[in-house]
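In this note's numbering, the protein residues as written are 7 to 1020.
Glycine residues also receive a C-beta, built at the ideal position from the N, C-alpha and C atoms.
Since we're looking at a predicted model, the values are computed, not measured.
Here is the structure we will look at.
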């Protein structure tokens, strides 16, 4: 164990304190008075002081309960109190009486801790903005060392209760998590460059423990704090306000409570799976519940806020509870219950009587888990407030209750999972009725056999068995008869067909043992024709290439779930490979009104339409689903300026095929909504003359488009679109771009009024840079957008463009209203280039000097030269250095053919000379080639822009700043000056730290390209 870990563990754990008045009902009384169905009882598994603030829990393979205790969560406006620490404890029920009789503290070094899971020789935690792994290889319940950071970049700066959470092993062998809506995270392995990171905002995500791959599974919702899988391996999540139950289809985009999806071409979203709400949506606002719960909301289920999700599959409760969806209702002090039924290509959630009602008004259920004995534990945050905690936090309470049917007894262990061989584990999978054991056995299989062809996302127990047996068959560990006996069960026929789709997709992804090279389109068409002539081609040709043809066949399956699986899988295929499958799926007229299938087809084909819009026109011709036709046409119309020929083809299609007209016309109109003008497509006038007798609705649409294709929309009309907060997000963005192409005084109040808009807030803050008005800084700084890093960045960029704005920003920093870290070194230089002495004086006072004194430079040079001795650099890791280079340097510099061209090429430089490297890194402005000097441009609108000029023509200049690339008309430039300084920031090495610097220098001094770290 490292010294720093020992130091943290040795420190006295900060004593938790309460900021909320009062106390909960005694735990035993809560359990005794809990209202449950006949035959059930509630027992106290654990309570304070043994457990407090139980924000998450998970089971290990020994049947012990691991609990994450979060003490750093605080009330508003603080949100997090990092003077406290979080910890992980282990609770054990040794005698099986339903109450813990063993407790250990595993780790006490957490902050922002929201999740804990075990597996692969250690513990997985979401903590301090990271996914980290705490190794415990010998299983002695003592950390082997410091947590290893696997992923970083989860936002903890501007996020409160929407923080990343929810670690849970999926039946596919991946580790799943959740992310809330209030701000965006940019996530990747430490050192991953910004452009390679996964951005997520309001999402379900997953991480592979051995492949080290991070993926966003689905997008949308509000702030999910619970998910689980049903017996078919389908994932469901719980949510708040806008609907509680959602079938999580990989690649799906669901309704958001506010704001827009990161993908601007989603257009339309999938609604919740439940057909009901647990609060009175007709008469109440969601926030009304803070004043008290109405009788109607009590009757409907208790309120909008849901936490924790369990789909019961424990095998010991009465059969009517098998598959029941259980979730804790925060304000209702209860557990709601829904039932899942098949509907169309997916499911529908039906209301069922509430399962449990607490008398304790402090009951705040957080998590639900099936136990090894088939019963259920539910954790209780035990607080009188809601998740926003405006009334304080009660840190010294917390409970875990066990809901038991009949009498509690110790779980019968069918096998010792840690010592079982593969055959024993597969036997558990096939024979045990408690999904605690089947999931534990599946996880153990994955731990022992990382080479297993794991199922893709939707993984039922049957699918896991088939995959395991298939791998054993290939490895000659089971006979062909044993495999056929297991896989030939007619009761799992649909599962087998879905798994066929899953397997074929998975074998085209990652480093799969049965890696498939997808067929070229021409070869695919040939094979499809062969298949249509002889359905048994697959049996005659067992090559791996044939898997792709199996996918095509699945598009004609009679099962809606199989077709949904394939629509979901489209997003994992090469763009060229999507067309035939999407077209086949879009021919299912019976799916036209399905809640999810038309949109899943759209989400899968959208990037292919963007890459080849003419093929999109061909898809429209074949499609029988109006939504697909309309959205493809919309995407094509949006590209009218770059690909006008595709819009011409749409007009021709509407002219020739009347049955396509309504959908295509609606798509074009939506695509051009917000455009002021657009070039008239070929054949438009002929089309208009031919549809003169059309209904009034179509006639109005045609008239509006004719205006866009003619004189253009008036500015007033566009402003109406911009200000419509309930309108289409893309239309609002298009209209905003149209009206702000030139700065008009009459637009200033409109733009200023949008700076907190959920859709236009960021672009509005950026657009204000074109205006010189003393009220702009006040509006942007009061209040400081503390919950959005993107709005913060746009605010600072605007307020460093003019002296008066910069002064207001610096005064806000001086008054502690804005953190000094909001200004980067480059932006400090930008402020200095404004040339206002009073502003420069204030900058020095509140932010600091931009450039170190010569004496300080010499001292820093001596420090690094002493540290970076040849023998030290020789022992450093150039692979890790390459990752640091990609993150910190490659945006501007190229090395070994990779990187940007803003700064000098490094491959041929004097890199093996440490003195040369240190001089250029520590004092980048000492010697700057003319092409890389910083230019300062003063514009007519009063802005000052600072950056490097990589391109220029007779008419325009292109300026590269650290944040963006801007093209400026020369006629707008009042003054242009070149400064004798570099765009490269100072202080780079100090920011990286000693170990990272050693690795970076080792890479810079290397003789050739090295592999990225595994």
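Residue 850: member of the alpha helix (DSSP H) spanning 843-852, first to last residue. By the Cβ test, the stretch 160-167 is not in contact with the stretch 420-434, since fewer than three Cβ pairs between them sit closer than 8 Å.
Apart from the 5 residues on each side of it in sequence, residue 175 sits with its Cβ closer than 8 Å to the Cβ of 123, 125, 181, 182, 445, 449 in its chain, given in chain order. Contact annotation: residue 210 and residue 602 have beta-carbon atoms that are not nearer than 8 Å.
The stretch 582-637 is shown to contain whole alpha helix (DSSP H) runs of 4 or more residues at 603-617, 619-628, in chain order. In the DSSP secondary-structure assignment, residue 233 is bridged to 243. Sequence-distant partners of residue 206 (beyond 5 residues in either direction) whose C-beta falls short of 6 Å from its own C-beta, in its chain, are 185, 191, 222. Unbroken alpha helix (DSSP H) stretches of 4 residues or longer found wholly inside the stretch 394-458: 428-437, 441-454, given in chain order. For residue 361 and residue 231, the gap between their C-alpha atoms comes out near 19 Å. Here the alpha carbon of residue 737 sits roughly 29 Å from the alpha carbon of residue 253. For residue 65, the uninterrupted beta strand (DSSP E) segment begins and ends at 60-65. Assignment of residue 136 by DSSP, reduced to helix, strand and coil, places it in the strand class. Ranked by Cα distance from residue 80, the options 645, 117, 952 are led by 117. Burial of residue 407 is indicated by the presence of at least 16 other C-beta atoms within 10 angstroms of its C-beta. Taking the CA atoms as reference points, residue 925 sits about 52 Å from residue 680. In the displayed model, residue 210 falls within a strand according to three-state DSSP. Residue 135 places its beta carbon 8 Å or farther from that of residue 889. With a cutoff of 8 Å on beta-carbon distance, residue 410 and residue 1003 are scored as not near each other. For residue 33, the closest of 885, 386, 948 by C-alpha to C-alpha distance is 386. Cβ-Cβ distances below 6 Å link residue 236 to 317 in the same chain, with the five nearest sequence neighbours on each side left out; the list follows chain order. The beta carbon of residue 77 sits closer than 6 Å to those of 22, 59, 90, 92, 401, all from its chain and outside the five residues before and after it, given in chain order.
The C-alpha of residue 265 is placed about 5 Å away from the C-alpha of residue 765. For the 8 Å CB-CB criterion, residue 441 and residue 349 do not form a contact. In this structure, residue 187 sits away from residue 171, with a CB-CB distance that is not shorter than 8 Å.
Runs of the alpha helix (DSSP H) lying entirely within the stretch 644-682, each at least 4 residues long, are 650-662, 664-677 in chain order. For residue 950, the uninterrupted beta strand (DSSP E) segment begins and ends at 950-958.
In the assembly as shown, residue 138 is a buried residue. Its beta-carbon has 16 or more other beta-carbons within 10 Å.
With fewer than 16 other beta carbons inside 10 angstroms of its own, residue 695 counts as exposed. Your pair residue 646 and residue 688 does not check out as a contact, with CB atoms roughly 12 Å apart and the cut at 8 Å.
Distances from the CA of residue 820 to each of 837, 802, 853 were compared; the closest alpha carbon is that of 853. In this structure, residue 110 sits near residue 147, with a CB-CB distance shorter than 8 Å. Rounded to the nearest whole angstrom, the C-alpha separation of residue 722 and residue 759 is 16 Å.
Within its own chain, the residues whose Cβ lies closer than 7 Å to the Cβ of residue 683, once the five positions on either side in sequence are excluded, are 714, 718, listed in chain order. Secondary structure at residue 182: strand, using DSSP grouped into helix, strand and coil. Secondary structure note for residue 72: its beta strand (DSSP E) is the uninterrupted segment 71-75.
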